[in-house]
Amino acid sequence: MSHHIIEAQDLHYSYPDGTHVIKGVSFRITHGESVAIVGANGAGKSTLLLHLNGYLRPTQGTLRIGDYPLTKRNLKSVRRTVGMVFQEPDDQLFMPTVFDDVAFGPLNLGLPLTEVEERVINALETVGMPHLRDKPPYKLSGGEKRSAAIAAVLSMSPDILVMDEPTSDLDPRARRRLIELLKTFEHTKIIATHDLDMAVDICERTIVIYEGRITADGSTLELLQDETLLERSGLEKPLGMQSCPVCESNEKKVIKDGLHSTGRRR
Amino acid sequence: MAKIDKNFLDIGYTDHLSRQLTPIHQLDPRAKLVTTLVFITTVVSFGKYEISALVPFFIYPVVLAAMGNLPPAYLLKKILLVSPFALLIGIFNPLIDRDILINLGDIRIAGGWVSFTSILIRFILTVGAALVLIAVTGFNAVCMALQKLGVPKVFVVQLMFLHRYMFVLVEEASRMVRARSLRSLGNGGAGIKTYGPLVGHLLLRTMDRAQRIHLAMCCRGFDGQIRIMKPLKIRPIEIGFIFGWSALFIFMRFFNIPLLMGNTITEFLR
Numbered sequence: 015m016s017h018h019i020i021e022a023q024d025l026h027y028s029y030p031d032g033t034h035v036i037k038g039v040s041f042r043i044t045h046g047e048s049v050a051i052v053g054a055n056g057a058g059k060s061t062l063l064l065h066l067n068g069y070l071r072p073t074q075g076t077l078r079i080g081d082y083p084l085t086k087r088n089l090k091s092v093r094r095t096v097g098m099v100f101q102e103p104d105d106q107l108f109m110p111t112v113f114d115d116v117a118f119g120p121l122n123l124g125l126p127l128t129e130v131e132e133r134v135i136n137a138l139e140t141v142g143m144p145h146l147r148d149k150p151p152y153k154l155s156g157g158e159k160r161s162a163a164i165a166a167v168l169s170m171s172p173d174i175l176v177m178d179e180p181t182s183d184l185d186p187r188a189r190r191r192l193i194e195l196l197k198t199f200e201h202t203k204i205i206a207t208h209d210l211d212m213a214v215d216i217c218e219r220t221i222v223i224y225e226g227r228i229t230a231d232g233s234t235l236e237l238l239q240d241e242t243l244l245e246r247s248g249l250e251k252p253l254g255m256q257s258c259p260v261c262e263s264n265e266k267k268v269i270k271d272g273l274h275s276t277g278r279r280r
Numbered sequence: 012m013a014k015i016d017k018n019f020l021d022i023g024y025t026d027h028l029s030r031q032l033t034p035i036h037q038l039d040p041r042a043k044l045v046t047t048l049v050f051i052t053t054v055v056s057f058g059k060y061e062i063s064a065l066v067p068f069f070i071y072p073v074v075l076a077a078m079g080n081l082p083p084a085y086l087l088k089k090i091l092l093v094s095p096f097a098l099l100i101g102i103f104n105p106l107i108d109r110d111i112l113i114n115l116g117d118i119r120i121a122g123g124w125v126s127f128t129s130i131l132i133r134f135i136l137t138v139g140a141a142l143v144l145i146a147v148t149g150f151n152a153v154c155m156a157l158q159k160l161g162v163p164k165v166f167v168v169q170l171m172f173l174h175r176y177m178f179v180l181v182e183e184a185s186r187m188v189r190a191r192s193l194r195s196l197g198n199g200g201a202g203i204k205t206y207g208p209l210v211g212h213l214l215l216r217t218m219d220r221a222q223r224i225h226l227a228m229c230c231r232g233f234d235g236q237i238r239i240m241k242p243l244k245i246r247p248i249e250i251g252f253i254f255g256w257s258a259l260f261i262f263m264r265f266f267n268i269p270l271l272m273g274n275t276i277t278e279f280l281r
């Protein structure tokens, strides 16, 4: 299914105030891939994501979603194809109840009411919160808000899911639950994050961005072990790949103590 | 909890009230909107010194609030909140219009006081009816009814965004106020001087936030058309609702019921 392809060619973007944020980015993401876009704060991740659903127009270069370059005319179908989960769920939930919020997208697609309801219920079940359907979004916890925001996008059945920092401000358990949930999705996934451990868990491919340029693009496991690359891109090795500081110091202590005692024995 | 936080929960409360399932809530939004408009027009059309004929009109908001299961204290509080506007409009009447209109024994009441009272009653009636309408219909549904009745999309969308913006504004403001009060250690946050930057900042922050929310709406296919889950249908009951109430309003407009009742009782006592 070719409409799941996203292809960027020499993408540039400057904000109206002249800040040049994206400086020539090219990549091609094909159907069913899970790609992590990692980079330090201010590397241009969020700006890049805003291009993927046509909110920002590149100042130079082209972006193709599916078979066509992104233009104003096909914006509507692009937004239907690309579901976008924002970094701040508060920005995404604006209706009086969770149910209304999840129904907002399908209603705008012009679906019949019975199907809208079915989709909303399905989406809420997928993220595991059908019991919260009548709650106002501002009364939910951080983790619930995030799930509601994801449900709101899922209910539109997008082919491509784009997420900006999905695990930020989640507690460890909610984070783990979200990772498990994301693993079950068969969509093409593009996740901007600096939670590198999540990238290792979910995405087989990683694109590293530093100051608006791609510094590496390849297998997540390989890239995230490359300490010089990470250092150069303002990142650190994922915690899961680092040795444990507690165990390490214990080991050293044991060795030291051992030497000491052997010394004393002498 | 800071006062502003409480008010925030309060605006959400109107939305909460509108999600009940009483017969009034289930009426088509258009029927309630049209009836309320007829109500407001009749109330406003009375002469400047009218008081007694206005009193029976309380029946409409009271019946709707009772059937719609709305807490009266909440409505009264909301009306009180906007009352300064009406007070300011009417406050100069007693000063300007000093002709004696009513003689109650030794007490003489000037025309200004009468028209001032009339303004206040009208204010309570119209604002009350509008509040009840929103609380038994939901703001988005009222907007959609406006759109269906032919109000240009631009105005309706403006109105809807204004309502949403209120939430954004209060939320951001409460965060800023909290941050300020936590660091001002009870000395009033360095006085009035901080208010300038605070308000300016609030505007910029809410504009940013509003833009992000608009983006989120566009991402989910918003095109200016308001769509809600309730199916719209004008049934005989809606027709009955509109014409029944409108007939009553027009009757009360042309016949001063308290006066008629008073006359009958005096007649009877004689």
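Listed in order, the protein sequences are those of chains P and R. If you count by the working numbering, then the first sequence holds residues 15 to 280, one letter each, in order. If you count by the working numbering, then the second sequence holds residues 12 to 281, one letter each, in order. The C-beta atom is built at its ideal place from N, Cα and C for all residues, glycine as well.
Looking from the CA of F266 (chain R), the closest CA among R:F68, R:Q31, R:L280, R:R41 belongs to R:F68. Close partners of G211 (chain R) in chain P (Cβ separation under 9 Å) are lacking, with about 19 Å as the shortest Cβ gap. In the DSSP secondary-structure assignment, S28 (chain P) is bridged to P:H34. The beta carbon of L121 (chain P) is closer than 7 Å to those of V130 in its chain, skipping five residues each way along the sequence. Between C229 (chain R) and chain P, the shortest Cβ-Cβ separation is below 9 Å. In the displayed model, E262 (chain P) falls within a helix according to three-state DSSP.
If you keep only unbroken beta strand (DSSP E) runs of at least 3 residues inside the region 182–265 of chain P, you get 202–207, 219–224, 227–233. Looking at the DSSP output, Y60 (chain R) bridges to nothing.
Chain order gives the chain P residues near L226 (chain R) as Y69, where near means a beta carbon separation below 7 Å.
Taking C-alpha positions only, V96 (chain P) is separated from D173 (chain P) by approximately 6 Å.
Taking a Cβ-Cβ cut-off of 8 Å, M218 (chain R) has no neighbours in chain P, whose nearest Cβ is about 13 Å from it. Here G80 (chain P) is buried. Its C-beta has 16 or more other C-beta atoms within 10 Å. Put simply, the CB of M109 (chain P) is near chain R, with a gap under 9 Å to one of its CB atoms. Contact note: V130 (chain P) reaches chain R through M240, using a C-beta cutoff of 8 Å and chain order. For R175 (chain R), at least one C-beta of chain P is nearer than 9 Å to its own C-beta. In chain order, N122 make up the part of chain P whose C-beta sits under 7 Å from the C-beta of F233 (chain R).
Distance between M212 (chain P) and I35 (chain R), taken at the CA atoms: about 50 Å. Think of a sphere of 9 Å around the beta carbon of G23 (chain R): the chain P residues whose beta carbon falls inside it are P110, P150, Y152, K153, in chain order.
For G97 (chain P), the beta-bridge partners assigned by DSSP are P:L175.
Secondary structure note for S48 (chain P): its beta strand (DSSP E) is the uninterrupted segment 48–52.
In the structure shown, N104 (chain R) adopts helical secondary structure according to DSSP, grouped into three states. For E102 (chain P), at least one C-beta of chain R is nearer than 9 Å to its own C-beta. Using beta-carbon distances, R160 (chain P) does not count as an interface residue toward chain R, since no partner is under 9 Å.
Contact of N151 (chain R) with chain P is assigned, a C-beta pair being separated by under 9 Å. P83 (chain P) is bridged by DSSP to P:R78. In the structure shown, E102 (chain P) falls within a coil segment according to DSSP collapsed to helix, strand and coil. For S29 (chain R), a Cβ of chain P is located within less than 9 Å of the residue's own Cβ.
Residues of chain R whose Cβ lies closer than 7 Å to the Cβ of G119 (chain P) are, in chain order, R231, G232.
A contact is defined here as three or more CB-CB pairs under 8 Å, and the region 47–58 of chain R meets this definition with respect to the region 251–264 of chain R.
Not one beta carbon of chain R lies nearer than 9 Å to the beta carbon of M143 (chain P). Sequence-ordered contacts of the region 101–118 of chain R with chain P are nonexistent [C-beta pairs closer than 9 Å]. Excluding five sequence positions before and after D24 (chain P), the CB atoms of its chain that fall closer than 6 Å to its own CB belong to G38, S40, G75, given in chain order. Contact between P40 (chain R) and V153 (chain R) holds: their C-beta atoms lie close to 6 Å from each other, under 8 Å. As the crow flies, the alpha-carbon of V66 (chain R) is around 8 Å from that of P269 (chain R). Residue pairing by DSSP leaves N55 (chain P) without any beta bridge partner.
Interface residue (Cβ-Cβ distance to chain P less than 9 Å): D39 (chain R) is not classified as such.
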